[in-house]
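Chains A and B, in that order, give the protein sequences. At position 144 of the first sequence the residue is numbered 144 (the UniProt record's numbering), and the sequence of numbers has no breaks. At position 143 of the second sequence the residue is numbered 143 (the UniProt record's numbering), and the sequence of numbers has no breaks. Every residue, glycine too, gets a C-beta built ideally from N, C-alpha and C. As the structure is a prediction and not an experimental result, all values here were calculated from the model. Step one of this worksheet: look at the structure below.
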Amino acid sequence: MRPGSTAAACAAVLRRDLLLAWRRRGDAAFPVLYALIVATLFPFALGPEDALLARIAAGIVLVTVLLAMLLALDALFRPDLEDGSLELLLLAPQPLPLLLGMKILAHWITTALPLIVIAPLLATMLHLPAQAQAVLLAALLLGTPLLSLLGAVLVALTAGTYRSGMLLALMLLPLTVPVVIFAAGAVSAAEAGLPHLAPLLWLGAALALALVLAPLACAAALRIALDA
Amino acid sequence: MNTLALWFHKLGSPPTFYRFAGALRPWLLALALLAGAIGLYGGLVLAPADYQQGDAYRIIFIHVPSAWMSLFVYACMAVAGFVALVWRIKLAEIVAMECAPIGATFTFITLVTGSLWGKPMWGTWWTWDARLTSELVLLFLYLGVIGLYYAIEDRRKAARAAAFLALVGIVNLPIVHFSVVWWNTLHQGSTVRILGPSHIAPSMLWPLLTMALAAKFYFGASLLGRARVALLAQEGGKDWVRALAQAEGGA
Chain A
1 MRPGSTAAAC AAVLRRDLLL AWRRRGDAAF PVLYALIVAT LFPFALGPED ALLARIAAGI
61 VLVTVLLAML LALDALFRPD LEDGSLELLL LAPQPLPLLL GMKILAHWIT TALPLIVIAP
121 LLATMLHLPA QAQAVLLAAL LLGTPLLSLL GAVLVALTAG TYRSGMLLAL MLLPLTVPVV
181 IFAAGAVSAA EAGLPHLAPL LWLGAALALA LVLAPLACAA ALRIALDA
Chain B
1 MNTLALWFHK LGSPPTFYRF AGALRPWLLA LALLAGAIGL YGGLVLAPAD YQQGDAYRII
61 FIHVPSAWMS LFVYACMAVA GFVALVWRIK LAEIVAMECA PIGATFTFIT LVTGSLWGKP
121 MWGTWWTWDA RLTSELVLLF LYLGVIGLYY AIEDRRKAAR AAAFLALVGI VNLPIVHFSV
181 VWWNTLHQGS TVRILGPSHI APSMLWPLLT MALAAKFYFG ASLLGRARVA LLAQEGGKDW
241 VRALAQAEGG A
């Protein structure tokens, strides 16, 4: 890779973000612990009845992962905004959507991937039937990048504001309804022994669309928010 | 430049728009009141009771126009937002942002009247049906736009960011609706169609359309009024506002 080329810049952004996350690898545990604790609260609230928990296990895991990702989203741009490196990214001669795509990828690897890893643990704690576990994982693998991409667009819009947590929830959660419906639809179809490929394919189609459009929208949103 | 285009360009300037909106608003309001009175008389007095739902169906004359408006206003907001983002016209930013509270109110009215109607008809205030849920998501989208607008201090930047959010929302709205239809249940299908015959008696249809017209006029009047106030607030230090204030207060 020639230094200064687009590929080199993308690799550098990805490497930097992953390295930063690795240096503070304790932080990656927070979303995981959060999801674990939230999922633990449900049996306390609903009673430890196995049949009931098994019926709602997939929904709980999906919503818990969604909320954990929502809380982690704020960290996507805030540190870079505070130390000024985000402005340098905006000024870089390489296409901004690509660089932001790398940032979103790094963010997905550091926050969503650990959540996907513990999702089977959460699902087993809540007695999700074994035949639905693989479908839940597939739905999460397709759904979480979608959430990261969608969330990145909205978090870019709030980049200039303080106390954006609740606002981000209000903006993001209505737009995540389709992701939740299709992911949960696939899992419940698998639980009932019905064909579950269609909702997964819809998730995949939405992901393909978002992979192309979201980085562009994210770049536009960031330029609006930072007046650049 | 021909006269019409020139007039249109001039309308983009805040003082011209302020005067124009002030002149147009009473007329729109009067039309809204007139159409509303005719529509309500036609709907509540002239139209016969429904053979199945009795008099309870008459809430349709509020419910359906509000539901139409909730989508229409969102489209208006998105178009104005698009214009604001592409051409950076200050007036378009204000119009887009003043659409949001009106649209949110129409959406809220739709939900409330729908649930009032649902209680006697379906026996429940709320059901997780496709249309109800989409309407609720629409309300959240409106609230998100309003929330973002007031979270950013710089008014123009806030308007651009919120307009962008409105555009993201309009791309997502069909997807949300489509996915929600996936588990649809109780709600009846559309009864009024533009193409093909409507499944509604003409004696009930004309008051409904008159009410829809009244809602449109009311939206226009309300939007112009809100935009005028927002313009004054945002342009507070400018000469034309100062001249206006002096003419008004004589100070």
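For residue i and chain B, any beta-carbon pair shorter than 8 Å?
| i | result |
| --- | --- |
| A/V155 | no |
| A/F44 | no |
| residue 242 of chain A | What is shown of chain A runs 1 to 228, which leaves residue 242 of chain A out entirely. |
| A/M171 | yes |
| A/A220 | yes |
| A/G101 | no |
| A/L73 | no |
| A/P31 | no |
| A/D83 | no |
| A/A186 | no |
| A/D17 | no |
Between which residues of its own chain and residue i is the CB-CB distance below 6 Å, once the five residues before and five after are set aside?
| i | result |
| --- | --- |
| B/Y74 | G103 |
| B/A56 | P120 |
| A/G204 | L142 |
| B/Y51 | none |
| A/A221 | V153, A156, L157 |
| B/A230 | I94, E98 |
Near residue i, what residues of its chain come up, given a Cβ to Cβ distance below 7 Å and the 5 sequence neighbours on each side ignored?
| i | result |
| --- | --- |
| B/V181 | A130 |
| B/L31 | F217 |
| A/L190 | According to the sequence as given, residue 190 of chain A is Ala; it is not Leu. Excluding positions up to five away in sequence, the list reads Q131, A132, V135, H196. |
| B/G42 | W206, P207, T210 |
| B/S179 | none |
| B/C76 | C99 |
Is residue i close to chain A, meaning its C-beta is less than 8 Å from at least one C-beta of that chain?
| i | result |
| --- | --- |
| B/L141 | yes |
| B/R160 | yes |
| B/G103 | no |
| B/F17 | no |
| residue 339 of chain B | Residue 339 of chain B cannot be examined here, being either before or after the span of chain B that is shown, 1 to 251. |
| B/K157 | yes |
| B/V180 | yes |
| B/V176 | yes |
| residue 295 of chain B | Nothing can be reported for residue 295 of chain B: it is not among the residues displayed for chain B, which extend from 1 to 251. |
| B/L86 | Note that residue 86 of chain B is Val in the sequence shown, not Leu. No - not a single Cβ of chain A is within 8 Å of the one on B/V86. |
| B/V79 | no |
Can you list, in chain order, the residues of its chain whose CB lies under 8 Å from that of residue i, leaving out five sequence neighbours each side?
| i | result |
| --- | --- |
| B/L40 | F61, P207, M211 |
Identify the residues that DSSP records as bridge partners of residue i: which are they?
| i | result |
| --- | --- |
| B/G54 | B/D50 |
Quick one: Cα of residue i to Cα of residue j, how far?
| i | j | result |
| --- | --- | --- |
| A/G84 | A/G101 | 19 Å |
| B/K119 | B/A166 | 33 Å |
| A/A51 | B/V79 | 50 Å |
| A/A214 | A/G185 | 24 Å |
| A/A210 | B/H9 | 37 Å |
| A/L201 | A/L140 | 13 Å |
| A/K103 | A/A219 | 12 Å |
| A/V177 | A/G143 | 11 Å |
| A/I123 | A/V187 | Checking the displayed sequence, the identity of residue 123 of chain A turns out to be Ala instead of Ile. About 11 Å. |
| A/M69 | A/I116 | 11 Å |
| B/R193 | B/P174 | Below a pLDDT of 50, predicted positions are generally treated as unreliable, and B/R193, at 48, falls in that range; no measurement from the model is reported. |
| A/C10 | A/L216 | 15 Å |
| B/G196 | B/P65 | Reliability of the predicted coordinates at B/G196 is poor, the pLDDT of 47 falling under 50, and no value is obtained from them. |
| B/Q188 | A/P199 | At B/Q188, the pLDDT of 47 sits below 50, so the modelled position is not reliable and the matter cannot be decided from this model. |
**Asked** Which parts of the stretch 90-162 of chain B are runs of the alpha helix (DSSP H), unbroken and 4 residues or longer, counting only runs that do not cross its ends?
**Response** 90-122, 130-151
**Request:** Could you tell me which uninterrupted alpha helix (DSSP H) segments, each at least 4 residues in length, are contained entirely in the stretch 38-122 of chain A, listed from first to last along the chain?
**Result:** 50-73, 78-83, 85-91, 96-107
**Message:** For a minimum of 4 consecutive residues, which ranges assigned as the alpha helix (DSSP H) are wholly contained in the stretch 139-218 of chain A?
**Reply:** 165-175, 177-191
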